[in-house]
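Only one structure is covered here, and it is reproduced in the block below.
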Amino acid sequence: MTTYLVKRLIVLILTLLLVSIVIFVVMRIIPGDPAQIILGIQATPEAVAALREQLGLDRPLVVQYLSWIGALVKGDMGHSINYGVSISELVIQRLTVTAPLTLLAVLFSVAISIPMGIYASTHQNRPGDYGVMIFSQIGLAIPAFWAGLLLILLFAVHLNWFASGGFPGWSKSFSGSIKSLLLPAVALGLIRAAVLARLTRSSLLEVLREDYIQTARSKGLGERVVIYKHAFRNAVIPVLTILGLQIGQLLAGAIIIEQVFFLPGLGRLVYLAINQRDLPVVQAVVLLIASIIVIVNFLVDLMYVLLDPRIRLE
Amino acid sequence: MKRFFRNRNFSIGFVISSIIVTGALVSFVYTPYDPTAMDIRHRLQGPSQTHWLGTDHYGRDVFSRIMQGAVNSIIVGLVAVSIGMGFGVLLGSLAGYARGVPDEVIMRLSDLLYGFPAVLSAILITSVFGPGIINSMVAIGIFYIPIFSRLTRASSLSVWERDYITAARAAGRSDSSTMFRHILPNIMAPLIVQGTIQFAVAILAEAGLSYLGLGTQPPKASWGQMLQEAQTFMGTSPGLAVFPGLAIGLAVLGFNLLGDGLRDTLDPKMTGAR
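Shown next as structure tokens:
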């Protein structure tokens, strides 16, 4: 177990380093000089050269990379060109919107997809099963941002139950902040729920055909115990994998959804940074999202080991 | 062909995607109105006999723009899948054939790209190289490479072990010839299925990028960009936010069903894999 953990940790660190190199290189091949972009086209060559020196852009690429990584390890993500403040500060502030939004979306998608998947698998080829499959097909086909627009149209424009966008801030109004995250979380989570419901169904159907399920039934165990204690525990592994992979999709989806609902989160920060050519912010936020994805995948791998002793033995 | 149409998913998917493709093809020779022609006097009109799906805030005909948007979506899907499949099959075949170090390197790089959401990567690439349809197609395509390389490697590994491959090699056929004449034709089914599914995903990704203003640029119509423009006028013209979204949903549903149907017919072992 310890050897497995150490091996996986080494792979995790190597992956993170590789991701950081890729992002660093992509950001360096961008056409145009960042110093020139910051100062504008009317800046004198001397001013541009001075800023290049100040930003460390005149140093060799390897040195630039190492100093960037060194600072990152200490929690310093650099400075935003447009906001003039530290990126770490900006990111922490924006995470207070994106993190609860993602969490709510995950909770919503799990809360509706798992019961749907279980119901469909235990009622195979009956109307309820078809209903879940149709929901899943439609969910896979519609973009989250369109689902968001439709939710705004129904709940904000027609019924007036929710605001069509914006975020009051946690300190101003806790309930108002939760309320403003509900529609975007539903829009994000609905699409993910479609994938999870389908997967839970197919995974459970496979497990329910296994011999040990027949044995459990023939022992006289109740159907609930058979499904929840025996079948579901074994069917949940592929569901967990996809859920882990979906965290990345959710974070990426948040970039668009935050735009639809005008939420001041990480996604909107990176979107505005792209438009304003604030590349240090783009670089830091993309690396952060990529790191979250890699770390979540690592945690999912560890969870397998806890849930399925066979993997531990391998 | 009959066995495909016996599959319900394939039949429904075929009908829906045929409608979308036909609409896109017809738009090259005919659209009810010029999709980019503005008519401010008739702006924000609801659906009527003259404008079937109404007009937008510049008075442009929504139906004609949806037809033009279909062309963009299909081109993005085709190019992204071609890039992903082209490079993915090449790398996957190499990994499956060479094994050892090349296999390890290719697969670890694939793993790295695999978990990365295509939309995020596309946002990164379009932000660096500038917004536009070409950059978004390339960005989406690059992140399809690991999907196809993993699939090609996994499928080809089992084919290399078959008796008829051993027989072909024993008969003196070179490895490259074996690859092109025996391996690739035998792994086409899962590749076609995956290609159809990724085509649908590319339509979704392009819509998202265009919604953010990073994909297709105005005045050319794209479904995502139409939804972005519609958001301001949702209170007065809700149709503007509904019809382009329906077009995206239908197109993706059509190609997804087509992919599911193809999978069920060509490769029943993969059923339930998604």
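Which chain is which? The protein sequence lines are G and R, in order. When you read off a place in the first sequence, starting at 1, and then add 1348, the result is the number in the working numbering. When you read off a place in the second sequence, starting at 1, and then add 1, the result is the number in the working numbering. Virtual Cβ for every residue (Gly too), placed ideally from N, Cα, C. This one's a predicted model, so the numbers in the text were calculated from it and none came from an experiment.
- Residue-level contact check: R/ALA96 does not touch chain G, since none of the beta carbons of chain G fall below 8 Å from its beta carbon.
- DSSP places R/THR233 within a helical segment (H, G or I) once states are collapsed to three.
- Contact of R/GLN195 with chain G is not assigned, every C-beta pair being separated by 8 Å or more.
- Within the same chain, Cβ atoms closer than 6 Å to the Cβ of G/ASP1477 are found at ALA1468 and HIS1471, the five residues on either side in sequence being excluded.
- Leaving aside the five residues that flank R/ASP40 on each side, the residues in its chain whose CB is nearer than 6 Å to its CB run, in chain order, GLY60.
- Secondary structure of R/HIS52 (DSSP, three-state): coil.
- Counting only residues of its own chain and dropping the five nearest sequence neighbours on each side, R/ALA206 has a CB closer than 7 Å to the CB of ALA119, VAL120, ALA123 and ILE141.
- The DSSP assignment places no complete run of the beta strand (DSSP E) inside the segment 1350 to 1415 of chain G (cut-off: 3 residues).
- R/TYR212 counts as buried, since no fewer than 16 other beta carbons sit within 10 angstroms of its beta carbon.
- Within the same chain, and ignoring the five residues on either side of G/LEU1553 in sequence, the residues whose Cβ sits closer than 8 Å to its Cβ are SER1469 and GLN1472.
- Taking C-alpha positions only, R/GLY85 is separated from R/GLY78 by approximately 11 Å.
- If you compare the alpha carbons of R/SER12, R/PHE200, R/GLY87 and R/ALA208 with that of R/ILE67, the shortest gap goes to R/ALA208.
- Within the model, the alpha-carbon separation for G/VAL1644 versus G/ILE1590 is close to 11 Å.
- At least one CB of chain G lies nearer than 8 Å to the CB of R/TYR212.
- Against G/THR1351, chain R offers no close residue; the least beta-carbon distance is about 19 Å (beta-carbon pairs closer than 7 Å).
- Across the set R/LEU185, R/ALA38 and R/ARG100, the C-alpha of R/LEU185 shows the shortest separation from the C-alpha of R/VAL160.
- The beta-carbon separation of G/LEU1599 and G/ILE1640, rounded to 6 Å, stays under the 8 Å limit for a contact.
- In this structure, R/GLN46 sits near R/GLY55, with a CB-CB distance shorter than 8 Å.
- In the DSSP assignment, G/GLN1472 falls outside any alpha helix (DSSP H), carrying neither H nor E.
- Those residues of the segment 228 to 251 of chain R placed with their C-beta closer than 7 Å to a C-beta in chain G are LEU228, GLN232, MET235, GLY236, PRO239, ALA242, GLY246, ILE249 and GLY250, ordered along the chain.
- Taking C-beta atoms as the reference points, R/ALA248 and R/LEU241 fail to come closer than 8 Å.
- Taking C-beta separations shorter than 7 Å and ignoring five residues to either side along the sequence, the partners of G/LEU1488 in its chain run ALA1542 and VAL1543, following chain order.
- In the DSSP assignment, the residues bridged to R/ASP62 are R/THR56.
- Taking the CA atoms as reference points, G/ALA1638 sits about 23 Å from G/TYR1431.
- Under the DSSP definition of a beta bridge, G/HIS1427 partners with G/SER1434.
- Look at the segment 1453 to 1473 of chain G: it has no residue with a C-beta under 7 Å from a C-beta of chain R.
- Residue-level contact by beta carbon fails for R/GLY142 and chain G, as no gap is shorter than 8 Å.
- The segment 82 to 99 of chain R and the segment 145 to 154 of chain R touch, with three or more beta-carbon pairs separated by less than 8 Å.
- Only residues of its own chain outside the window of five on either side were considered, and among them ALA190 have a CB closer than 6 Å to the CB of R/LEU267, listed in chain order.
- Around the beta-carbon of R/MET235, 16 or more other beta-carbon atoms lie within 10 Å, marking it buried.
- Within chain R, LEU113 have C-beta atoms less than 7 Å from the C-beta of G/THR1363, given in sequence order.
- Remark: C-beta atoms of R/ILE20 and R/ASN73 do not approach each other more closely than 8 Å.
- The C-beta distance from R/LEU259 to R/GLY24 rounds to 16 Å, too long to fall under 8 Å, and the pair is not in contact.
- Interface annotation, G/PRO1491: in contact with chain R, CB-CB separation under 8 Å.
- By the beta-carbon neighbour count (other beta carbons within 10 angstroms, threshold 16), G/THR1450 is buried.
- For R/GLN69, the three-state secondary structure derived from DSSP is helix.
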